[in-house]
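Enquirer: If you want the numbering used here, it's the 1-based position in the sequence shown plus 1.
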Amino acid sequence: MTDHTLTVAGVSVDTRHWIGGERVASGETFTDVSPIDGSVIGEISRGTATEAAAAVAAAKAAFPAWAATPRAERARILHAVADGVEKRLEELAVVETTDNGALLRSHRRGVMPRVAHNFRFFADWLLKLDHEDFETRGHTNHVSWDPAGPSVLITPWNAPLMLATWKVAPALAAGNTVVLKPAEWSPLTASLLADIAAEAGLPAGVLNVVQGYGSEIGDALTSHPDVRRISFTGSVPTARRIAASAAANLTPLSLELGGKSPLLVFADADLDLAVDLAVEQYDNAGQVCLAATRLLVEESVAEEFTRRFVDKASTLKQGDPRDEATDIGPTVHPRQLEKVDGFVRRAVAAGARAVIGGRRKDGQYYAPTLLTEVAQDSEIVQEEVFGPVLTLQTFTTEDEAVRLANDTRFGLAATLATGDHERAARVTARLVAGTVWVNCFFVRDLQAPFGGSRHSGVGREGGTWSFDFYCDLKNTVTAPKGWKDHG
2 MTDHTLTVAG
12 VSVDTRHWIG
22 GERVASGETF
32 TDVSPIDGSV
42 IGEISRGTAT
52 EAAAAVAAAK
62 AAFPAWAATP
72 RAERARILHA
82 VADGVEKRLE
92 ELAVVETTDN
102 GALLRSHRRG
112 VMPRVAHNFR
122 FFADWLLKLD
132 HEDFETRGHT
142 NHVSWDPAGP
152 SVLITPWNAP
162 LMLATWKVAP
172 ALAAGNTVVL
182 KPAEWSPLTA
192 SLLADIAAEA
202 GLPAGVLNVV
212 QGYGSEIGDA
222 LTSHPDVRRI
232 SFTGSVPTAR
242 RIAASAAANL
252 TPLSLELGGK
262 SPLLVFADAD
272 LDLAVDLAVE
282 QYDNAGQVCL
292 AATRLLVEES
302 VAEEFTRRFV
312 DKASTLKQGD
322 PRDEATDIGP
332 TVHPRQLEKV
342 DGFVRRAVAA
352 GARAVIGGRR
362 KDGQYYAPTL
372 LTEVAQDSEI
382 VQEEVFGPVL
392 TLQTFTTEDE
402 AVRLANDTRF
412 GLAATLATGD
422 HERAARVTAR
432 LVAGTVWVNC
442 FFVRDLQAPF
452 GGSRHSGVGR
462 EGGTWSFDFY
472 CDLKNTVTAP
482 KGWKDHG
């Protein structure tokens with residue numbers, strides 16, 4: 002073992018950057034801490050503008066050859082990456098749980114298999130990506146997807162590897178080279194991904210991974226004139242900074258930002274199903290951008306809904322995420338815990354009532370919380386908490402339900418519980434959201450567009466929409482005459 006290698010849950014993880022096919026250390030480090038028990042995992046290379054410039058230069062140098070690589074070969078390598086993920090699935094799962102505190106059972110059964118699926122899906126989609134030629138006054142139009150160039154991908158901490166590969170896989174499939182900057186609170190599985198990609202035969206410089214704190218390295222990446230695409234998942238304030246940084250070069254952006262999504266429960270809904278959907282919003286300790294944190298319940302069933310919700314939520318087990326029986330783990334970082342606690346304390350001081358929870362527990366754990374008696378214009382209703390905190394409001398008419406649902410600056414998702422098909426169609430059409438789930442939650446197909454409206458984002462990810470972003474679309478118009486006979 003070297004000073005640059007950590008052993009995390011029995012897995013060796015290199016703490017250095019991955020640039021141009023080589024491990025590169027920084028002069029300084031930052032400390033990575035496990036949210037499970039507050040223990041120090043180790044010191045991680047802390048990148049600056051120097052590492053950012055080196056990574057972009059490596060991506061630029063590798064781009065022409067990778068862009069010219071035939072689609073079938075790019076797809077083959079991406080499938081090999083997926084094979085590597087599946088081979089090391091258990092290692093990825095235990096490292097990510099240690100690093101960000103999400104449930105180990107979820108990583109094993111859902112998250113890491115989806116990481117592999119991300120690579121397989123976009124590899125396969127690349128091979129069928131095409132547009133039927135069409136004619137204009139006898140001229141043929143042919144649309145092609147040309148690789149755009151080096152792409153900077155900045156990813157969050159709540160599902161680090163899965164959300165990173167939502168971006169990495171289509172960017173690589175499109176023929177772009179990548180600089181991945183993982184969140185500083187959960188950097189470890191991005192390092193493992195670099196190892197897996199290299200073992201799969203991805204050429205040096207095609208995927209680069211740089212670690213560090215936001216502005217120290219992020220500004221240098223997002224303002225670099227050689228970067229052709231920037232994709233970011235995270236907070237609205239950070240997105241504003243990235244957009245301002247990218248503006249000088251007019252670098253195209255894809256932004257998947259915050260949410261304050263509603264769950265609308267109508268009196269004609271299956272209440273047991275509605276309660277299950279509501280309790281499911283505590284998944285990953287509420288650290289899910291899509292979470293329907295605002296429960297909007299028709300007044301005539303609100304009392305019964307609340308009773309059943311409390312009964313169901315009381316069965317949740319909170320504790321060590323490595324325990325198979327645990328339902329809710331810790332918040333990712335002490336700063337996030339303070340943020341969540343601050344939201345709840347201010348809400349209670351303003352008159353909200355905690356039906357359950359409303360308090361910190363030992364360590365970095367926050368009790369699942371439901372707040373009632375909240376005003377529509379209050380902070381707790383309008384701002385993203387990103388913790389296990391739900392609010393409950395009532396409505397009496399369909400119009401009121403839709404008005405409350407749409408009355409925030411966000412528009413990422415919405416969930417609807419109703420037994421009436423016609424109502425579902427009416428309400429869905431009026432909701433401002435990038436994704437609407439009816440009598441279900443978190444069903445996600447990569448061929449569907451994903452993204453948000455309003456302050457929840459710019460652009461869409463998934464299927465052809467991802468290729469539209471990571472490529473420069475070209476239309477070639479060819480005349481039917483003017484050809485010379487070379488026979």
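Backbone N, C-alpha and C fix where the C-beta goes; we use that ideal spot for every residue, glycine too.
With DSSP collapsed to three states, give me the class of HIS118.
Expert: Translated into positions along the sequence shown, residue 118 becomes position 117. If DSSP states are grouped into helix, strand and coil, HIS118 belongs with the helices.
Enquirer: Identify the continuous alpha helix (DSSP H) that holds VAL169 and give its terminal residues.
Expert: Counting from 1 along the sequence shown, the entry for residue 169 is found at position 168. It spans 161-174 - the alpha helix (DSSP H) in which VAL169 sits, taken as one unbroken run.
Enquirer: Can you check which of these residues, LEU254, ARG242, GLU299 and VAL210, is closest to PHE267 by C-alpha distance?
Expert: Taking the first residue of the sequence shown as 1, we reach residue 267 at position 266. Of the candidates LEU254, ARG242, GLU299 and VAL210, the residue whose Cα lies closest to the Cα of PHE267 is GLU299.
Enquirer: Hey, would you say GLY102 sits closer than 9 Å to PRO36, going by beta carbons?
Expert: Reading the sequence shown from its first residue, position 101 is the one you call residue 102. Reading the sequence shown from its first residue, position 35 is the one you call residue 36. Yes. Within cutoff.
Enquirer: Mind checking GLY352: buried by the 16 CB within 10 Å criterion, or exposed?
Expert: By one-based count along the sequence shown, residue 352 stands at place 351. It counts as exposed.
Enquirer: Could you tell me the distance, in whole angstroms, from the CA atom of MET2 to the CA atom of TYR367?
Expert: Working through the sequence shown from its first residue, we reach residue 2 at position 1. Working through the sequence shown from its first residue, we reach residue 367 at position 366. Note that MET2 scores 40 on pLDDT, short of 50, meaning its location in the model is unreliable; the coordinates nonetheless yield the value given after this. Their backbone Cα atoms lie some 37 Å apart in a straight line.
Enquirer: Measure from the alpha carbon of ASN407 to the alpha carbon of each residue in VAL386, GLU74, THR429 and GLU462, then state which is nearest.
Expert: Position 406 of the sequence shown holds residue 407. Of VAL386, GLU74, THR429 and GLU462, the residue nearest in Cα terms is THR429.
Enquirer: Under 6 Å Cβ to Cβ from ALA286, same chain only, skipping five residues before and after it: list those, please.
Expert: What you label residue 286 is simply residue 285 of the sequence shown in a count that begins at 1. A distance below 6 Å between beta-carbons, with the five flanking residues on each side excluded, links ALA286 to the following residues of its chain, in chain order: ILE329, GLY330, THR332 and PRO389.
Enquirer: If you draw a straight line from the C-alpha of ARG404 to the C-alpha of LEU208, how long is it?
Expert: Residue mapping note: residue 404 aligns to position 403 of the sequence shown, counting from 1. Residue mapping note: residue 208 aligns to position 207 of the sequence shown, counting from 1. One C-alpha to the other measures close to 45 Å.
Enquirer: Can you tell me whether ALA124 is buried or exposed, with buried defined as 16 or more other CB within 10 angstroms of its CB?
Expert: Residue numbering aside, residue 124 sits at position 123 when the sequence shown is read from its first letter. It counts as buried.
Enquirer: Between the C-alpha atoms of GLY435 and HIS456, what's the straight-line distance to the nearest angstrom?
Expert: Start at 1 with the first residue of the sequence shown, and residue 435 comes out as number 434. Start at 1 with the first residue of the sequence shown, and residue 456 comes out as number 455. Rounded to whole angstroms, GLY435 to HIS456 spans 11 Å at the Cα level.
Enquirer: Could you work out which residue in VAL356, ASP271 and THR479 is closest to THR137 when comparing CA atoms only?
Expert: Here the question's residue 137 lines up with position 136 in the sequence shown. Nearest C-alpha to THR137: THR479.
Enquirer: From what residue to what residue does the alpha helix (DSSP H) around GLU217 run?
Expert: Within the sequence shown, residue 217 is the residue found at index 216, counting from 1. Where GLU217 is concerned, the enclosing alpha helix (DSSP H) stretches over 215-223.
Enquirer: Among the residues of its own chain, which have a CB less than 8 Å from the CB of ALA63, if the five just before and after it don't count?
Expert: To locate residue 63, count along the sequence shown from 1; it is residue 62. For ALA63, same chain residues with a beta-carbon under 8 Å away, outside a window of 5 residues either side, are GLY21, THR178, PRO204, ALA205, GLY206 and VAL207 in chain order.
Enquirer: Relative to the C-alpha of LEU265, which residue among GLU257, LEU256, LEU278 and LEU254 is closest?
Expert: As a first step, residue 265 is located in the sequence shown; it is residue number 264 there, counting from the start. It is LEU278.
Enquirer: Residues in the same chain with beta-carbon distance under 6 Å from HIS225, minus the five sequence neighbours each way, listed in chain order, please.
Expert: Taking the sequence shown and counting its residues from 1, one reaches residue 225 at position 224. Taken in chain order, the residues that qualify are VAL57.
Enquirer: Hey, how far is the Cα of GLN288 from the Cα of PHE387?
Expert: Taking the first residue of the sequence shown as position 1, residue 288 is located at position 287. Taking the first residue of the sequence shown as position 1, residue 387 is located at position 386. If I take the Cα positions, the gap works out to 5 Å.
Enquirer: Using the Cβ count rule (16 or more neighbours within 10 Å means buried), how would you classify ASP156?
Expert: Walking along the sequence shown from the start, residue 156 turns up at place 155. In the sequence on display, residue 156 carries Thr and not Asp. With 16 or more Cβ atoms within 10 Å of its Cβ, THR156 is classed as buried.
Enquirer: Looking at SER145: is its Cβ nearer than 9 Å to the Cβ of ARG230?
Expert: Within the sequence shown, numbered from 1, the residue matching residue 145 stands at position 144. Within the sequence shown, numbered from 1, the residue matching residue 230 stands at position 229. No.
Enquirer: So for MET2, helix, strand or coil by DSSP?
Expert: Counted from its first residue, the sequence shown places residue 2 at position 1. Interpretation of MET2 is limited by its pLDDT of 40, a score under 50 that renders its predicted location unreliable; the figure taken from the coordinates is listed afterwards. Three-state result, MET2: coil.
Enquirer: Please state whether DSSP places THR392 in a helix, a strand or coil.
Expert: For the purposes of this step, residue 392 is taken as residue 391 along the sequence shown, with counting starting at 1. Strand at THR392.
Enquirer: Pick helix, strand or coil for PHE442, following the three-state DSSP scheme.
Expert: Locating residue 442 in the sequence shown gives position 441, where the first residue counts as 1. Coil.
Enquirer: Classify THR409 as buried or exposed, calling it buried when 16 or more other Cβ atoms lie within 10 Å of its own Cβ.
Expert: As a first step, residue 409 is located in the sequence shown; it is residue number 408 there, counting from the start. THR409 comes out buried.
Enquirer: Are the CB atoms of ARG431 and VAL95 nearer to each other than 9 Å?
Expert: In the sequence shown, counting from the first residue as 1, residue 431 sits at position 430. In the sequence shown, counting from the first residue as 1, residue 95 sits at position 94. Contact: no.
Enquirer: So, with DSSP's three-state summary, where would you put ASN209?
Expert: The residue you call residue 209 lines up with position 208 of the sequence shown. ASN209 falls in the strand class under three-state DSSP.
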